[in-house]
Amino acid sequence: MNTAAPDTSAAPLSEAEAEAQRAAKRAAYEANKLSKRLHRQVGQAIADFNMIEAGDKVMVCLSGGKDSYSMLDILLNLQKRAPIQFEIVAVNLDQKQPGFPADVLPNYLKGLGIPFHIETQDTYTIVKKHIPEGKTMCSLCSRLRRGILYRVARELGCTKIALGHHRDDMVVTLLMNMFFGSRMKGMPPKLVSDNGEFVVIRPLAYVAEPDLEKWAAHREFPIIPCSLCGSQENLQRVLTKKMIREWDKQYPGRIDNMFTAMGNITLSHMMDRSLFPFTEIKATGKPDPMGDKAFDEDDEDDCGTPAVQTVRLVRD
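This is the structure we're talking about:
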């Protein structure tokens with residue numbers, strides 16, 4: 283009788299199988315690193331601007347795009363470990379766009395097992411009726427959405443409205459206002475709603491758009507394209523976003539620098555007379571470390587990449 287133990291040694295992996303294993307490990311490592319970065323950035327933005335407080339009911343506006351999916355996903359994870367109690371309700375506005383898959387978001391949200399509300403309003407027909415073909419639809423569409431979402435937030439008893447705008451959106455908005463509105467105005471991480479009833483927050487304020495693209499792919503969100511505004515490729519906002527992406531490719535860190543500059547404002551070196559008393563400036567006879575540097579030569583080598591920080595208005 284043969285009592286020899288069976289051979290349990292595994293067959294050696296082929297080179298292709300070994301490479302597949304290494305690739306899987308690399309992908310898992312990168313996904314974990316990305317997850318930590320996103321949760322840290324969102325948590326930091328919430329803390330820096332006191333976006334969510336104990337007892338809040340946060341209405342997370344879910345469009346079906348990568349940004350709002352990621353925002354909901356991260357907020358749900360942070361809710362589990364937060365030192366305070368707050369509620370989350372996901373809200374989608376079905377604008378009755380042709381071909382909109384109305385079952386995708388309800389099925390996704392049911393799978394998560396979280397409270398949600400789908401508001402159906404035919405704003406698509408209104409926008410198409412009032413905006414001539416080829417003209418930008420964003421302004422009217424935005425106003426209609428805003429009014430509806432305020433009403434829904436009131437009906438649901440929400441105290442905060444969370445929007446999925448990210449770092450790149452905030453930089454683009456600043457440039458758009460400069461280029462086309464002649465204003466130094468950005469997209470704040472937190473503000474009071476137009477009607478004064480709610481606080482609007484942007485938890486993704488510190489997050490770069492490329493990271494959201496990677497996260498959406500990793501999490502395999504069921505992305506729904508916007509046929510109303512997504513196809514308007516000649517929008518100035520679309521072109522401005524392309525421009526800053528090209529800048530960042532040529533000079534890495536440029537978007538970060540522009541974003542950080544929004545939180546490092548030296549009012550005495552701008553030109554808004556309503557914010558700084560230029561008419562009252564007089565010589566003091568004392569050195570001023572923040573004084574005029576107009577005669578200094580520019581030194582590009584001194585331009586670094588400061589870390590992201592909260593808004594700081596410097597009155598010197």
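Under the numbering used here, the first residue of the sequence shown carries the number 283, and numbering increases by one thereafter.
Glycine included, every Cβ here is placed at the ideal spot set by N, Cα and C.
Source: prediction; values computed, not measured.
When DSSP reads this structure, residue 473 sits in a beta bridge with 482. Under the three-state reduction of DSSP output, residue 448 falls in the coil class, being neither helix nor strand. Between residue 387 and residue 370, the CB-CB gap reaches or exceeds 8 Å. Look at residue 568 here: in three-state DSSP terms it is coil, with no helix or strand label. As DSSP reads the structure, residue 372 sits in a beta bridge with 342 and 398. Per DSSP, reduced to three states, the secondary structure at residue 548 is strand.
In this structure, the beta-carbon distance from residue 482 to residue 441 does not fall below 8 Å. Note that the C-beta distance between residue 541 and residue 449 is below 8 Å. Under the 10 Å beta carbon count, residue 307 is surrounded by fewer than 16 other beta carbons and is classified as exposed. By alpha-carbon distance to residue 521, the top candidate from 345, 458, 377 and 433 is 458. In the displayed model, residue 443 falls within a strand according to three-state DSSP.
Counted as a single uninterrupted DSSP element, the alpha helix (DSSP H) harbouring residue 525 occupies residues 518-532. Residues of the same chain with their beta carbon placed closer than 6 Å to that of residue 394 are lacking, with the five preceding and five following residues left out of the count. Residue 541 carries a helical assignment under DSSP once its states are collapsed to helix, strand and coil.
About 25 Å separates the Cβ atoms of residue 382 and residue 340, ruling out a contact at the 8 Å cut-off. Put simply, the backbone Cα of residue 517 is about 29 Å away from that of residue 552.
For residue 360 against residue 372, the beta-carbon gap comes to about 15 Å, at or over 8 Å, which does not count as contact.
For residue 307, the enclosing alpha helix (DSSP H) has its first and last residue at 297-330. Contact between residue 443 and residue 375 is ruled out by a C-beta separation of about 12 Å, above the 8 Å threshold. Taking the Cα positions, residue 531 is about 20 Å away from residue 456. DSSP places residue 496 in the uninterrupted alpha helix (DSSP H) bounded by 491-501. Residue 485 counts as buried, since at least 16 other C-beta atoms from the protein chains shown sit within 10 angstroms of its C-beta. Shown here, residue 504 sits in coil according to DSSP, grouped into three states, outside any helix or strand. Apart from the 5 residues on each side of it in sequence, residue 504 sits with its Cβ closer than 7 Å to the Cβ of 386 and 390 in its chain, given in chain order. Counting of Cβ neighbours within 10 angstroms places residue 573 among the exposed residues, the total staying below 16. Boundaries of the alpha helix (DSSP H) harbouring residue 356: 348-363, taken from the DSSP string.
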